[in-house]
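S.K.: Provided herewith is a single structure, encoded as structure tokens, for subsequent inquiry.
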Amino acid sequence: MRLISVLSICFLLSGFSEQVSAESPFQQRVEALIRQDSLDAFIYTYLDEFLKDPVYERLYLFDEAGEKQWREPRSAQEYLASTIFLCNKGYYNLKFSQVDEAVSAYESAWGYDQQFDFRDFDIIEYCLKPLGNAYSMLGDYTSAENTIKSYLLEAQKRGLKDQQTSALINLSIVYHDTGKNKEAIEVLNTAQESNSGSSGLIYSNLAKNHLTLGEYDMADRYARRAMALFEKAGADQSGYLSNIYSILSSVNLKARDTVEALNFLRKARSLMETGSTGKSRDYAKVIVQEANVLYAMGNSAASINIYRQALQQLIPQLGEKQLLPSEDMLYAENTLKEVFDGMAGAFVSLDSLDQAIDCYKKSFSVEERLKETYSYDESKYLQQGENRWRAEQVLDLCYRLFSLSKDIHYVREAFAVAERTKSVALRDKLYNRMTWEKFAGDSVLAGRRKLARHKAQVEAALVQEQLKGRNANLGTIEHLMDRKNKLTMDMKGLEKSMPRLTRQSHREIDYDSLQQKLKNNQLTMVEYFFGAEALYAFVLNGSSIAMYRNSRIAEVRENIVQFSALFTDEVKINAAPEVFAGLSQKLMGMLFPGKVKNTLLIVPDGLLNFVPFEALLTAKPSSADYSQWPWLINSNPVFYQYSGALYLHDFGQGRFADDKVLGFFPRFADSERYLKYSKDELEGIRKHFDGNFLSDEKATKQAFFNHASDYSIIHLSTHAKPGALYEPPSVAFVDSALHLPEVLGLNLHTQLLVLGACETGIGKLYKGEGPLSLASGFSHAGVKNIVLSLWKVNDLSTSRLMTDFYKYYEEQPQAHMALHRAKLAYLQHDEIAMDKKSPYYWASFVYYGQSETKDAIQASGYGMHMFFVAVALIAMALYLYYRRRR
């Protein structure tokens, strides 16, 4: 059979050949096959030619075949040939450390297999296993986990024990790399029960997890068991053995036996230099670990030299006298980050702080390239955790350098670094939307939107099934997960051919433009970075910037937790007003080291996302009357934004000529969920704005889908949930709930969304990204400005606040000022009882978005947009040109 012979060639054959020339018999054969329209023979001919001498220098043959391929496959035989070809391409891309290219090849191969299900081709062994591993190498752990679980289920259905064991081992690697060490150990124990020849790999991965957990004796025991098995197996185990030596080196380093740690690493390095795994990314990793040991021994200068050896291994074109590579030399590779981070630490110990910052900035650049390969936002969120650690190192260095030199350059540098960690996934989404919206009529872009909607529907169905708990249908869940993975890959394939501005979204923020906008709008921006070691605050007022550092981070965290806990119940503040006042005033001093003027734009971070800044006290209260307390809101209007960049760049579409409201008021009459004052809220809004107000049985989820894109303002007066461990945030309509995955699949142009419901700003907190809440989901979907809530709101007070909000918004179309005035009016309202003027009742709703009126936005945003429009036009012109060329 042709299949068996090709597979044998794929992975066993090696030899030597002359460089292929244009006049060679091979090229003559290729041209003949093109004329004969014999696509499968053409593909196999190219593959066989490469496998005669499968070296790095001949990888170009895979690309050349792609360039010469004149049409897409049509028959099952041609699709099978393409699948085998792509699996080989992925295999050799991985072998030569081209991980991103390998992922692309394997994804395409999997897509073909999903169409035809080639039973005679082992898609698990030759595609899915290496694809999952490649995702892990890039840090795309969500894709890795989904892929591994997919082929684990397939292996279980087919009764393939070896494949099941491999899947469990690879799943444990994902869990280890994402900090789920106990889950990894459980998975490995399961693999051990059904193990059929993979004990060495199971032991080595158990050793890694016990090492991470600080259980060094267990790690040493499992590592030595694995070492004995690999050494006994002999041939072709050098890669596994070198990994074990690396683990044992780490164990000895933890035991402070640096000499033995270095000996194990040198054994690993020797194995790789003599074995078939030499000159690979794994070899570079061993070199990095050797440099780490030297650094731990206090020999920083020597460690830098070893780090550079690893760098030269990964970037061969790096010059001998070149300390760091240029930006165009960098690529998506996690080991590069290990090198740059290690060098940075060594430079810090040598008191070369500027060089350390340069190294960390290279790591940031590699992070950006890695992120561009990710299919899921979840992987970006996980990546942010590591990126935040690095950012905090740079902030600390900049603060130290500024303290020594008083050079404001370091403060601006620190601010730029803090900014680049803010709402990365949201920023990417908005920049890409901005580009794609300029060419909304293109068929490929329309196809991408259709896939996004379909994926959102599948994810919503998956959530609904999973929420059934023990009554869930596992077959349905498996089918929906497969559909989700397939749609994700299809979207990724389309996006590769679409113009992108992701890299543009991570250029350093235009500091001068930001200051000018703040000056024009008479704002003071306070941006926070909530680190592990300190809280940083940057204060920009339109002309200057100041940087503050509070190293009492544990005290800050505890104060925030205690302050926020008082808002979990409406009686807590009234029961202990002195306690609340003390916490509020103390927190004010922690968050605002100096006096602030003007309207405040707050860019929160970490736990500060859940703090209502308006309810902070600027002084000690002198009476029991809440309306007389010195709230921050009395002196400073306050609004919020996810990042300075999102404030600077207006992503609004300007599609609506008037401000009409689409309102939903389900009320849930005759139930325990009844919202008695929602009708008053409806009538109060209708006094000031025209629109489509849907109440009771008309306030359906389908009505929202039907009308949401037609209105500039959407108001939801309903119930909402912040989500739980396995349940995403959701908002209720009269017939069913709208869950976060569905929200993320929407394509909205809403200028203002008012979420008049409970806890719409609450969700799982990701470092840098903020809470993954209902409100942030709507921002991802294209909503420009949002009023959200931070805790469970009171029905009556919400109705009064919202009625006044729309009253003031009609008078002055600046949402942050309308909400500010509504809160002040609430505090001064004579008919409201004193206990109901506690900040629990009026401070829950906060505004995220822009500060300008609609007319001002359109005027001020014009010049700013022109640059991005120009970039988008160029990108799209190139894209359309190359599409026509195909």
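At position 741 of the sequence shown the residue is numbered 741 (the numbering used here), and the sequence of numbers has no breaks.
Idealized CB from N, CA, C, for every residue including glycine.
Computed from a predicted structure; not experimentally measured.
What three-state label does DSSP hand residue 181 in the structure shown?
M.R.: On the sequence shown, residue 181 is found 181 positions in, with the first residue counted as 1. If DSSP states are grouped into helix, strand and coil, residue 181 belongs with the helices.
S.K.: For residue 584, does the three-state DSSP call read helix, strand or coil?
M.R.: As a position in the sequence shown, residue 584 is number 584, starting the count at 1. Of the three classes helix, strand and coil, the one that applies to residue 584 here is helix, per DSSP.
S.K.: Residues in its own chain within less than 7 Å of residue 786 by CB, not counting five upstream and five downstream?
M.R.: The count along the sequence shown starts at 1 and reaches residue 786 at position 786. The answer, listed in chain order, is 753, 755, 775, 778, 779, 848, 849.
S.K.: So, under 8 Å CB-CB, residue 759 and residue 467 are touching, yes? Tell me the CB distance rounded to an integer number of Å.
M.R.: Taking the sequence shown and counting its residues from 1, one reaches residue 759 at position 759. Taking the sequence shown and counting its residues from 1, one reaches residue 467 at position 467. That pair is no contact at about 18 Å.
S.K.: Kindly confirm or deny that the stretch 737-752 and the stretch 681-689 touch, where touching means at least three C-beta pairs closer than 8 Å.
M.R.: In short, these stretches do not touch, since the Cβ pair count stays below three.
S.K.: Does the stretch 530-550 touch the stretch 589-606, meaning 3 or more C-beta pairs lie closer than 8 Å?
M.R.: Yes: the two stretches touch, three or more of their Cβ pairs being nearer than 8 Å.
S.K.: Sort 117, 93, 165, 152 by Cα distance to residue 134 and report the nearest one.
M.R.: The residue given as residue 134 occupies position 134 in the sequence shown. Per the Cα distances, 93.
S.K.: Going by the DSSP bridge assignment, what does residue 78 pair with across the sheet?
M.R.: Position 78 of the sequence shown, counting from 1, holds the residue named residue 78. Residue 78 is not bridged to any residue.
S.K.: What does the alpha-carbon distance come out to for the pair residue 100 and residue 138?
M.R.: Looking up residue 100 in the sequence shown gives position 100. Looking up residue 138 in the sequence shown gives position 138. Answer to the nearest angstrom: the Cα atoms are 8 Å apart.
S.K.: In whole angstroms, give me the CA-to-CA distance for residue 388 and residue 535.
M.R.: What you label residue 388 is simply residue 388 of the sequence shown in a count that begins at 1. What you label residue 535 is simply residue 535 of the sequence shown in a count that begins at 1. Using only the alpha carbons, I get a separation of about 13 Å.
S.K.: How about residue 65 and residue 87: do their beta carbons lie closer than 8 Å?
M.R.: Start at 1 with the first residue of the sequence shown, and residue 65 comes out as number 65. Start at 1 with the first residue of the sequence shown, and residue 87 comes out as number 87. No, Cβ-Cβ distance for residue 65 and residue 87 is not below 8 Å.
S.K.: Starting from residue 764 and walking both ways along the beta strand (DSSP E), at which residues does that stretch end?
M.R.: Locating residue 764 in the sequence shown gives position 764, where the first residue counts as 1. Element bounds for residue 764: 763-766.
S.K.: Report the three-state DSSP secondary structure of residue 424 (helix, strand or coil).
M.R.: For this step, residue 424 is matched to residue 424 along the sequence shown. Of the three classes helix, strand and coil, the one that applies to residue 424 here is helix, per DSSP.
S.K.: Check the C-beta distance from residue 584 over to residue 540 and give it rounded, since I have them as a contact under 8 Å.
M.R.: Here the question's residue 584 lines up with position 584 in the sequence shown. Here the question's residue 540 lines up with position 540 in the sequence shown. 25 Å between Cβ atoms; not a contact.
S.K.: Could you spell out the range, first to last residue, of the beta strand (DSSP E) harbouring residue 715?
M.R.: Translated into the one-based positions of the sequence shown, residue 715 becomes position 715. First-last of the beta strand (DSSP E) with residue 715: 713-717.
S.K.: So, residue 269 versus residue 287, is the Cβ gap smaller than 8 Å?
M.R.: Here residue 269 refers to the residue found at position 269 of the sequence shown. Here residue 287 refers to the residue found at position 287 of the sequence shown. For residue 269 and residue 287, yes; Cβs fall inside 8 Å.
S.K.: Report yes if the C-beta distance between residue 330 and residue 362 is below 8 Å; otherwise report no.
M.R.: In the sequence shown, the residue the question calls residue 330 occupies position 330. In the sequence shown, the residue the question calls residue 362 occupies position 362. In this structure, residue 362 lies closer than 8 Å to residue 330 by Cβ.
S.K.: For residue 224, which of 248, 116, 364 has the nearest alpha-carbon?
M.R.: Along the sequence shown, read from residue 1 onward, the residue named residue 224 stands at position 224. Out of 248, 116, 364, 248 has the C-alpha closest to the C-alpha of residue 224.
S.K.: Write down the C-beta distance between residue 171 and residue 199 rounded to the nearest angstrom, noting that I regard them as a contact closer than 8 Å.
M.R.: Here residue 171 corresponds to residue number 171 of the sequence shown, with the count starting at 1. Here residue 199 corresponds to residue number 199 of the sequence shown, with the count starting at 1. Rounded, the Cβ-Cβ distance is 17 Å, inconsistent with contact.
S.K.: From this set, 757, 784, 769, which residue's C-alpha is nearest residue 801's C-alpha?
M.R.: If you number the sequence shown from 1, residue 801 lands on position 801. Comparing Cα-Cα distances from residue 801 to each of 757, 784, 769, the minimum goes to 757.
S.K.: Beta-carbon within less than 6 Å of residue 476's beta-carbon, same chain only, minus the 5 sequence neighbours each way: which residues are those?
M.R.: Against the sequence shown, residue 476 aligns to sequence position 476. 465, listed in sequence order.
S.K.: Sorted by chain position, which residues of the same chain lie with C-beta nearer than 6 Å to residue 562's C-beta, five sequence neighbours on each side aside?
M.R.: On the sequence shown, position 562 is the one that residue 562 refers to. Contacts found: 583.
S.K.: Return the chain-ordered list of same chain residues with a C-beta closer than 8 Å to the C-beta of residue 201, the five sequence neighbours on each side being excluded.
M.R.: In the sequence shown, counting from the first residue as 1, residue 201 sits at position 201. Only 169, 226, 240 meet the Cβ criterion.
S.K.: Given that a residue counts as buried once 16 or more other Cβ atoms are within 10 Å of its Cβ, and exposed if not, what is residue 323?
M.R.: Locating residue 323 in the sequence shown gives position 323, where the first residue counts as 1. Exposed is the call here.
S.K.: Measuring only the C-alpha atoms, how far is residue 708 from residue 718?
M.R.: Along the sequence shown, read from residue 1 onward, the residue named residue 708 stands at position 708. Along the sequence shown, read from residue 1 onward, the residue named residue 718 stands at position 718. Taking the straight line from one Cα to the other gives about 16 Å.
S.K.: Taking the Cβ atom as the reference point for each residue, do residue 677 and residue 668 lie within a distance shorter than 8 Å?
M.R.: To locate residue 677, count along the sequence shown from 1; it is residue 677. To locate residue 668, count along the sequence shown from 1; it is residue 668. Not a contact, by the Cβ cut-off of 8 Å.
S.K.: Please state the DSSP three-state secondary structure of residue 810.
M.R.: Translated into the one-based positions of the sequence shown, residue 810 becomes position 810. Helix.
S.K.: How would you call residue 817, buried or exposed, if buried means at least 16 neighbouring beta carbons within 10 angstroms?
M.R.: Within the sequence shown, residue 817 is the residue found at index 817, counting from 1. Buried.
S.K.: Does the stretch 509-522 touch the stretch 635-654, meaning 3 or more C-beta pairs lie closer than 8 Å?
M.R.: As far as the Cβ criterion goes, the stretch 635-654 touches the stretch 509-522, which means the pair count is three or higher.
S.K.: Touch check for the stretch 150-165 and the stretch 111-119: three-plus C-beta pairs under 8 Å?
M.R.: Contact fails: fewer than three Cβ-Cβ distances are below 8 Å.
S.K.: Going by the DSSP bridge assignment, what does residue 193 pair with across the sheet?
M.R.: Along the sequence shown, read from residue 1 onward, the residue named residue 193 stands at position 193. In DSSP, residue 193 forms no bridge with anything.
S.K.: Shortest alpha-carbon distance to residue 487 belongs to which of 525, 429, 448?
M.R.: On the sequence shown, position 487 is the one that residue 487 refers to. Cα-wise, what sits closest to residue 487 is 448.
S.K.: Taking 8 Å as the threshold, find out whether the stretch 182-197 comes into contact with the stretch 513-527 through three or more Cβ pairs.
M.R.: Touching, no, given that fewer than three Cβ pairs across the two stretches are closer than 8 Å.
S.K.: Of the residues 453, 372, 390, which one's Cα is nearest the Cα of residue 359?
M.R.: By one-based count along the sequence shown, residue 359 stands at place 359. Checked all of 453, 372, 390; the closest Cα to residue 359 is 390.
S.K.: Check the C-beta distance from residue 140 over to residue 375 and give it rounded, since I have them as a contact under 8 Å.
M.R.: The count along the sequence shown starts at 1 and reaches residue 140 at position 140. The count along the sequence shown starts at 1 and reaches residue 375 at position 375. So it is a contact: roughly 7 Å between Cβ atoms.
S.K.: How long is the line joining the alpha carbons of residue 638 and residue 598, rounded to whole angstroms?
M.R.: Within the sequence shown, numbered from 1, the residue matching residue 638 stands at position 638. Within the sequence shown, numbered from 1, the residue matching residue 598 stands at position 598. When rounded, the distance between both Cα atoms is 9 Å.
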